[in-house]
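>
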Amino acid sequence: MKVLLLDEPTRGIDIGAKSEIYQIIHNLAASGIAVIVVSSDLMEVMGIADRILAMSEGALTGELPRAQADEARLLQLALPRSRA
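Once you know that position 71 of the sequence shown is 54 in the working numbering, the rest is easy, because the numbers rise by one and skip nothing.
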């Protein structure tokens, strides 16, 4: 199995280029390549991921299928927890 890891693949680029990158990612996944995208852009993640794993402070805090992911839930999982 081939795996491609993309770290913030659309940071700092315009909307048109983002669309092209999303299409490339989709095509790679459709061809059988596992694509892992690391992104701080929640809307991007919800738009392209089949499965979302959230992390906070270096630890995995949750795993959601795309259908169950929304911005509020992802923020809850991604924000650091209080240590009070």
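In this text, a Cβ means the ideal position worked out from N, Cα and C, and glycines have one as well.
Since we're looking at a predicted model, the values are computed, not measured.
(1) Relative to the C-alpha of Lys(-15), which candidate in Ile19, Arg49, Ala0 has its C-alpha closest?
(2) Leaving out five residues before and five after Ala72 in sequence, what residues of the same chain have Cβ atoms less than 6 Å from its Cβ?
(3) Thinking just about the alpha-carbon of each residue, which of Gly(-5), Ala32, Asp24 is nearest to the one in Ala50?
(4) Please classify Leu57: is it buried, with 16 or more other beta-carbons within 10 angstroms of its beta-carbon, or exposed?
(5) Nearest to Ser23 by CA position, among Asn10, Pro(-8), Asp(-3), is which residue?
The relevant details are as follows:
(1) Ile19
(2) With the chain running from -16 to 67 in the structure shown, residue 72 is simply not present.
(3) Ala32
(4) buried
(5) Pro(-8)
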